[in-house]
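K.L.:
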Amino acid sequence: MKERLRAALRAALTQRLGVPPAELPDFSVEVPNLESHGDFATNAAMLLAKRLRKAPREIAGLLGPALQAAPEVDRVEVAGPGFLNVFLKADAWRALLWDVLAAGADYGRSARERPARVMVEFVSANPTGPLHFGHGRGAVVGDVVARLLAFSGHQVQREFYVNDAGKQVRNLVLSMVHWLRKDRGLPGELPADGYHGAYVADLARAAPAELTRFLPGEPDEASLVALERFGVAAMLDAIRRDLDDFGVAMDRFSSERELLGSTRLAELLQELQARGVYEERDGARWFLADRFGDEKPRVLIKSDGSHTYFANDLAYHLDKLRRGFERLINVWGADHHGYVPRMRAALQALGQPPEALEVILVQMVSLLRDGQPVVLSKRAGDIVTLREVFEEVGRDAARFFFLLRGSDSQMEFDLELAKRRSMDNPVYYVQYGHARLCSILARARERGLPVPGLESRGALSLAPLELPEELRLVKKMAALAEVVRRAADSCMPHQVVYYLQELTADFHSYYTTYGKTSPILGGPAERVAARLVLVLALRQVVANSLGLLGVSAPERMESLGAEGEEG
RNA sequence: GCGCCUGUAGCUCAGCUGGAUAGAGCAACGGCCUUCUAAGCCGUGGGCCGCGUGUUCGAAUCACGCCAGGCGCGCCA
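In this note's numbering, the protein residues as written are 268 to 834.
1) Does the Cβ-Cβ distance between Ala312 and Ala336 come in under 8 Å?
2) So, for Leu224: in the same chain, excluding its five sequence neighbours on each side, which residues have a beta-carbon less than 6 Å away from its beta-carbon?
3) May I ask you to list the residues that DSSP assigns as paired with Ala711?
4) Taking buried to mean at least 16 other C-beta atoms within 10 Å of its own C-beta, is Pro620 buried or exposed?
5) Can you have a look at Glu426 and say buried or exposed, based on whether 16 or more other CB atoms are within 10 angstroms of its CB?
6) Distance, Cα to Cα, Leu617 vs Glu325?
7) Taking Cβ positions, are Lys742 and Asp306 nearer each other than 8 Å?
8) Quick check: the Cα distance between Leu653 and Val385, rounded to an integer number of angstroms?
9) Expressed to the nearest angstrom, what Euclidean distance is found between the alpha-carbon atoms of Asp487 and Met443?
10) Shortest alpha-carbon distance to Gly349 belongs to which of Thr309, Leu355, Tyr699, Tyr695?
11) If you run the structure through DSSP and keep just helix, strand and coil, what is Asn811?
12) Give me the Cα-Cα distance between Tyr695 and Asp663, rounded to the nearest whole angstrom.
13) By DSSP's criteria, Pro640 is part of a beta bridge. Which residues make up the other side?
14) Among the residues of its own chain, which have a CB less than 8 Å from the CB of Trp446, if the five just before and after it don't count?
15) Please go through the same chain and pick out, in chain order, the residues whose beta-carbon is closer than 8 Å to the beta-carbon of Ala322, but skip the five residues on each side of it.
16) Contact check, Leu585 vs Leu535 under 8 Å by CB: the rounded distance?
17) If you check the beta carbons only, do Trp365 and Arg724 fall under 8 Å apart?
18) Roughly how many whole angstroms lie between the Cα atoms of Arg524 and Asn430?
19) CA-CA distance, Gly401 and Leu682?
20) Rounded to whole angstroms, what's the CA-CA distance from Arg379 to Ile650? Just pull it up for me.
21) I need the DSSP call for Phe294, collapsed to helix, strand or coil.
22) Determine the closest residue to Ser776 out of Asp549, Glu679, Leu740, Ala432, with distance taken between C-alpha atoms.
23) Could you tell me the alpha carbon to alpha carbon distance between Asp504 and Ser490, rounded to whole angstroms?
24) Can you check DSSP and say which residues form a bridge with Asp773?
25) Among the residues of its own chain, which have a CB less than 6 Å from the CB of Phe294, if the five just before and after it don't count?
26) For His304, which residues from the same chain have a beta carbon less than 6 Å from its beta carbon, with the 5 sequence-adjacent residues on both sides left out?
27) Could you check the C-alpha separation between Phe774 and Val660 for me, to the nearest Å?
28) In terms of alpha-carbon separation, which member of Leu801, Gly452, Ala274 lies closest to Ile707?
29) Please go through the same chain and pick out, in chain order, the residues whose beta-carbon is closer than 6 Å to the beta-carbon of Val641, but skip the five residues on each side of it.
30) In the structure shown, what three-state DSSP assignment does Arg703 receive?
31) Taking DSSP as the reference, what is the three-state secondary structure of Ser442?
32) In this structure, what does DSSP give as the bridge partners for His399?
33) Given Gly828, which residues of its chain have a CB within under 6 Å of its CB, disregarding the five upstream and five downstream residues?
34) What residues match up with Asp681 in a beta bridge as DSSP calls it?
35) Look at Leu398 and Ile506 and say whether their C-beta atoms are less than 8 Å apart.
36) For Glu325, which of helix, strand or coil comes out of DSSP?
If you want it as structure tokens, here you go:
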């Protein structure tokens, strides 16, 4: 509808006001904040005031009739400084309910004229331990951004980059060796950057005997590598399980080590060399990143001949582009932000579009228990794992909480609050909306009331839906596709959360306001039928939205009991 | 010192690419359950949108400068 109004405005501007098509202003067509300002409003007249040397309201008066021509339009008003407010006929809105039922689980999905091939790389935690609490936010944000992109018509691939080649995995295996020796009473110390957690000892003890034959001696390189592979594989398995149980899917785990084995890096270095942006200094090899907007040159090959993490990661990003992905979305912790200009510089230096790389920087999450920060001692190796958190508060609540704030705001995650089954907890509010809708339908069937389906389209009139609250709900449902597209394009999944909260709030309000005077299942049969169509459509929209967040849509929720201190 | 993020109600945060009278939840206070789940609803109070200048028909939103908090500035990952 928005697009049709836009087209009508463009036509009116060129034909009635003689504005050349090339000089059309970039006017808006928006849903206004106030309902009295119509279903849609445009600022076109104000933008043209200067050029046409006319008062905005006068121009608006000329444009109005053009919009009026559309069959869905009820009336058009000139308002305020020169806004055009467009009101649609109620019937035009009501018809949308059938569209919702027809589309079902696909309602809100968009098709793109030109879908982009998008890679979302996220989590990418070192395979040296289980996912900890801090990984949760990036995991959910990446997961939902991927869902949103796919639902809004793009082709999406999700990947986890496995840093299985560097110093960290070496620290892991050395830590394992330390624990093995300790078990046997052999001398030795944990390496300075070693891993303290008890899980490392468990991991070491789980190693098959043939991998620990070097004991009681010191391991040679081959033994170390073998044990390292074992440790990494086991940790990666644990990470996969954590993600799986948290509702986060990956299409592929890309191994840094395997990528190293390919010739990508060598080619890349040659290419940089050929372009004259690669130099040797002090025994190391540098990429002259400062020529491409970064602060300073960056080392690719260290003086000991090993690669920096950056070198390998750059090879990986190039690999993504070669595999045909046009948009590379990475979800990184905000502490890695300094890395962005470096990667962009390198892509640019290699003749790739630097803007292909989009980085979602997620800010820190502080963990609270009952309002007090949870203090963690890194030295003692105590970490709060992601699994502990979602097992404590529940997967739905954990996911919802991580999505509750924009990625670039730091946030607090209060365990007690997330667990609380009360009004403070927004996830239950939304889920309860869905359960309530289901319960109305169940009650209707119990009472033997016919629940209309799509087959009633055409036969059943929706005209009895005349309450302002009912029309408001329909209008909000109409916005889903645009909300999803917007959230996807801007990588802001929290927008869907807010949408969902508004939608369910409108429903709860409608339900309660009329619960006594005009209950959904009361009154004339035609009205009940029409309202059941509204309920069916609402349930679909709520379910689809929850689905996009990876949060379950329960059909019923256990009642807490009104007189409940218990529980 | 330089760079990135943030600063909006008592608290936690929305506010889309500049639009009309700045919103939500929680907290506080007052109401609503014989009838579709009260995990709900209705109402009241609460604001220098960090500060200042600029851009323009119009700024919480854009630009610049300050102030405050967080993070980063390795031949670490």
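Cβ coordinates follow ideal geometry from the N, Cα and C atoms, glycine included. Source: prediction; values computed, not measured.
P.N.:
For this structure:
1) In the first sequence, residue 312 corresponds to position 45, counting from 1. In the first sequence, residue 336 corresponds to position 69, counting from 1. No, the pair does not count as a contact, with Cβ atoms beyond the cut-off.
2) The displayed coordinates of the chain run from 268 to 834. Any statement about residue 224 would go beyond what the structure contains.
3) Taking the first sequence and counting its residues from 1, the one referred to as residue 711 is at position 444. Ala711 is not bridged to any residue.
4) Here residue 620 refers to the residue found at position 353 when the first sequence is read from its first residue. Pro620 should be labelled exposed.
5) Numbered from 1 along the first sequence, position 159 holds the residue referred to as residue 426. Answer is buried; the Cβ neighbour count reaches 16.
6) For the purposes of this step, residue 617 is identified with residue 350 of the first sequence, where counting begins at 1. For the purposes of this step, residue 325 is identified with residue 58 of the first sequence, where counting begins at 1. Rounded to whole angstroms, Leu617 to Glu325 spans 54 Å at the Cα level.
7) Position 475 of the first sequence holds residue 742. Position 39 of the first sequence holds residue 306. In this structure, Asp306 lies closer than 8 Å to Lys742 by Cβ.
8) For this step, residue 653 is matched to residue 386 along the first sequence. For this step, residue 385 is matched to residue 118 along the first sequence. If I take the Cα positions, the gap works out to 27 Å.
9) Residue 487 sits at position 220 when you count from the first residue of the first sequence. Residue 443 sits at position 176 when you count from the first residue of the first sequence. Distance between the alpha carbons of Asp487 and Met443: 14 Å.
10) Translated into the one-based positions of the first sequence, residue 349 becomes position 82. Of the listed residues, the one whose Cα sits closest to Gly349 is Thr309.
11) Reading the first sequence from its first residue, position 544 is the one you call residue 811. Helix at Asn811.
12) Mapped onto the first sequence, residue 695 falls at position 428. Mapped onto the first sequence, residue 663 falls at position 396. The alpha-carbon atoms of Tyr695 and Asp663 are separated by roughly 9 Å.
13) Locating residue 640 in the first sequence gives position 373, where the first residue counts as 1. Bridge partners of Pro640: Leu635.
14) Looking up residue 446 in the first sequence gives position 179. Here the set comprises Val467, Ala468, Ala471, Arg472.
15) Counting from 1 along the first sequence, the entry for residue 322 is found at position 55. Contacts found: Ala316, Gly349.
16) As a position in the first sequence, residue 585 is number 318, starting the count at 1. As a position in the first sequence, residue 535 is number 268, starting the count at 1. Contact flag correct, Cβ pair sits at about 6 Å.
17) Taking the first residue of the first sequence as 1, we reach residue 365 at position 98. Taking the first residue of the first sequence as 1, we reach residue 724 at position 457. Yes, these two residues count as a Cβ contact at 8 Å.
18) Looking up residue 524 in the first sequence gives position 257. Looking up residue 430 in the first sequence gives position 163. Arg524 and Asn430: Cα-Cα distance of roughly 8 Å.
19) Taking the first sequence and counting its residues from 1, one reaches residue 401 at position 134. Taking the first sequence and counting its residues from 1, one reaches residue 682 at position 415. When rounded, the distance between both Cα atoms is 14 Å.
20) What you label residue 379 is simply residue 112 of the first sequence in a count that begins at 1. What you label residue 650 is simply residue 383 of the first sequence in a count that begins at 1. When rounded, the distance between both Cα atoms is 43 Å.
21) Along the first sequence, one-based indexing puts residue 294 at 27. If DSSP states are grouped into helix, strand and coil, Phe294 belongs with coil.
22) Within the first sequence, residue 776 is the residue found at index 509, counting from 1. When each option's Cα is compared against that of Ser776, the closest is Leu740.
23) By one-based count along the first sequence, residue 504 stands at place 237. By one-based count along the first sequence, residue 490 stands at place 223. Answer to the nearest angstrom: the Cα atoms are 21 Å apart.
24) Along the first sequence, one-based indexing puts residue 773 at 506. Answer is none; Asp773 lacks a bridge partner.
25) Start at 1 with the first residue of the first sequence, and residue 294 comes out as number 27. So the list reads Thr309, Asn310, Ala311, Leu314, once near-sequence residues are dropped.
26) As a first step, residue 304 is located in the first sequence; it is residue number 37 there, counting from the start. Asn352, listed in sequence order.
27) For the purposes of this step, residue 774 is identified with residue 507 of the first sequence, where counting begins at 1. For the purposes of this step, residue 660 is identified with residue 393 of the first sequence, where counting begins at 1. Approximately 26 Å, taken between the alpha carbons.
28) Along the first sequence, one-based indexing puts residue 707 at 440. Taking only the C-alpha atoms, the option nearest Ile707 is Leu801.
29) Against the first sequence, residue 641 aligns to sequence position 374. The answer, listed in chain order, is Leu634.
30) Numbered from 1 along the first sequence, position 436 holds the residue referred to as residue 703. It is helical.
31) Taking the first sequence and counting its residues from 1, the one referred to as residue 442 is at position 175. Of the three classes helix, strand and coil, the one that applies to Ser442 here is helix, per DSSP.
32) On the first sequence, residue 399 is found 132 positions in, with the first residue counted as 1. Beta-bridge pairing links His399 to Thr652.
33) Residue numbering aside, residue 828 sits at position 561 when the first sequence is read from its first letter. Legend: pLDDT at Gly828 = 42, less than 50; position of this residue unreliable, value from coordinates given subsequently. Around Gly828: no qualifying Cβ.
34) On the first sequence, residue 681 is found 414 positions in, with the first residue counted as 1. Paired residues: Leu635.
35) Position 131 of the first sequence holds residue 398. Position 239 of the first sequence holds residue 506. Cβ distance < 8 Å, so Leu398 and Ile506 count as in contact.
36) What you label residue 325 is simply residue 58 of the first sequence in a count that begins at 1. Looking at Glu325 - three-state DSSP - the assignment turns out to be helix.
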